[in-house]
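Data first, discussion second: the structure below is written as C-alpha cells.
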Amino acid sequence: MHPFVEGVFAQKFLTGNEYASQNAHAGFFSRLFPSLSFYSRLFGGPVRWLCSKAAKGQCDDSAWVHASVWVSDLMESIGCPIEVQGMDAINEVDGPCLFVANHMSTLETFMLPGMIRPRRPVTFVVKKSLTTMPFFGPVMCSRDPIVVGRTNPREDLTAVLEGGLERLKKGISIIVFPQSTRSLIFDQGHFNSIGVKLARKAGVPVIPLALKTDAWGQGRKIKELGPMRPGMPVRYCFAKPLYVQGQGKEEHAAVCQHIASHLEEWIRKDGANDSHPSQPAVQA
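Residue numbering for the sequence shown follows the numbering used here, beginning at 321 and increasing consecutively.
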C-alpha cells in the first residue's frame, strides 16, 4: 500500500503559496535507466491502482488526488525536483474559475489534480483520443471532462462553451490548454483565447498557469511515453486571478505574457529539452 492514506486528500501540495522538493534524489537504477525505472513504477503503481478503481466505479476525487501525488513522488524519486509557486491564487476566488496553461508534456495532466483538487473541484478540457486510450481512458472519463475532437475548431469551441458553462454552474473549475498539441515551444500565435472566451461568457475569473514539464519527454511513436530526464526541474507558477473585461483581449495577452516570461526565465535556469536545441522556447 502506498504511504498516503486511501480515501483522504493528500497533503503534499497543501504547503501555502509555494512547494519545493526537499528530497529529489535518484537511486542507482534510476540514474542508469531513468525511463525504465519511471515507467515500470508508473504503470505498476498509480496507473494500475487508479485503473482498478475506475473499473469498479470507485475513481472518485480522493483516489484521483492520491494517484496524482503518487506520480509527483515518482518524479522526485528519479531526481526531478518540483517547484510550485503562487498556489494561494487557487484559493483567492470564491466560486469556480478557469485555469489557462501552456501544455508541454503528459506530466501536467497527472500532477495538476494533486495541486488543485484538494482546494476546489476541477476537471479538464481533453482531446477525444485521451478518453479512449487503454489505461488512461476509463480514468479520464470518470472525471467528467469536456471532450474536443481537435479536428473542427468551430465544433470544439461549441463543446467547450456549452460543456464549460454546464460544469461551471455546478461549481467545477476547468483546466484548459489552448495549444493545439503538447509542445516544448510556446507559440503565442497558436495559443487561442478559448479559455478567456469561456470565462467571459460564464462570468468567472481566469487563473494563468505557466509550467515547464519537459523532464517527461515526448515519445516519437507514442507521444505520451517519451524519455525521462533525471535532474531536470519540474516547474509551475500560478498567477493572480484575472477578471475578464470587455472582449478579453487584455486578459488573454496577460495570460500569454505570464507564460512566456516564466518560460524564458526557467529556460535560462534549467536549459531546454535536447530534442529542440536550436529553437527558442517562446515564439511571439
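Glycine residues also receive a C-beta, built at the ideal position from the N, C-alpha and C atoms.
Bridge partner(s) assigned by DSSP for residue i
i, result
"Glu403", "Ala340, Arg555"
"Val496", "Val420"
"Leu606", "For residue 606 there is no data in the structure shown, the boundaries of the chain being 321 and 604."
"Met548", "Trp536"
"Ile623", "With the chain covering 321 to 604 only, the question about residue 623 has no answer from this structure."
Presumed contact (8 Å Cβ cut-off) between residue i and residue j, rounded CB distance
i, j, result
"Val446", "Pro465", "5 Å"
"Pro525", "Ile579", "Not really, about 17 Å apart at Cβ, beyond 8 Å."
"Asn422", "Phe506", "5 Å"
"Phe430", "Val467", "With 8 Å as the limit, Phe430 and Val467 do not qualify as a contact, their Cβ atoms being about 19 Å apart."
"Ala535", "Gly434", "Not confirmed; about 16 Å, so no contact."
"Phe349", "Ser355", "Not a contact, Cβ separation roughly 12 Å."
"Thr533", "Ser372", "Actually they are not in contact, since the Cβ atoms of Thr533 and Ser372 sit about 26 Å apart, beyond 8 Å."
"Lys521", "Leu481", "6 Å"
"Gln538", "Arg502", "6 Å"
"Tyr359", "Leu562", "Not really, about 37 Å apart at Cβ, beyond 8 Å."
"Met560", "Ala387", "The identity of residue 560 in the sequence shown is Lys, whereas the question assumes Met. Actually they do not touch by this definition, with Cβ atoms about 29 Å apart."
Simplified DSSP state of residue i, which is helix, strand or coil
i, result
"Leu529", "strand"
"Thr443", "strand"
"Asn512", "coil"
"Leu334", "coil"
"Asp381", "helix"
"His572", "helix"
"Lys541", "coil"
"Thr478", "helix"
"Glu412", "coil"
"Ala346", "coil"
"Pro354", "helix"
"Lys490", "coil"
"Met321", "Any reading at Met321 must be qualified, since the residue scores a pLDDT of 38, below 50, and its modelled position is unreliable; the value itself is stated next. Looking at Met321 - three-state DSSP - the assignment turns out to be coil, as it is neither helix nor strand."
"Pro438", "coil"
"Ile398", "coil"
"Gln567", "coil"
"Lys376", "coil"
"Thr429", "helix"
"Gly483", "helix"
"Pro597", "Residue confidence is low: Pro597 scores 42 on pLDDT, short of 50, so the model does not pin down where it sits. No coordinate-derived value is stated."
"Gly591", "coil"
"Arg502", "coil"
"Gly365", "coil"
Residue i vs residue j beta-carbon contact at 9 Å
i, j, result
"Val564", "Ala519", "yes"
"Met407", "Asn343", "no"
"Pro550", "Cys400", "yes"
"Leu418", "Gly484", "yes"
"Ile402", "Tyr339", "yes"
"Leu394", "Arg361", "yes"
"Gly568", "Lys517", "yes"
"Leu504", "Arg439", "no"
"Val442", "Leu432", "yes"
"Val413", "Pro498", "no"
"Val404", "Arg555", "yes"
"Gly591", "Met552", "yes"
"Ile494", "Pro366", "no"
Residue-chain proximity (residue i, chain D), Cβ-Cβ < 9 Å
i, result
"Ile542", "Although the question refers to chain D, the structure presented lacks it and comprises just one protein chain."
Residue i Cβ short of 8 Å to the ligand ADP heavy atom set
i, result
"Pro401", "In terms of ligand content, the structure shown is empty, and the ligand ADP therefore cannot be addressed."
Next on the checklist: Could you check whether the region 471-490 touches the region 379-386, counting it as contact only if at least three pairs of C-beta atoms, one from each stretch, sit closer than 8 Å?
Outcome noted: no
Checklist entry - Pairing CB atoms from the region 559-576 with CB atoms from the region 508-515, are three or more of them under 8 Å? => result yes
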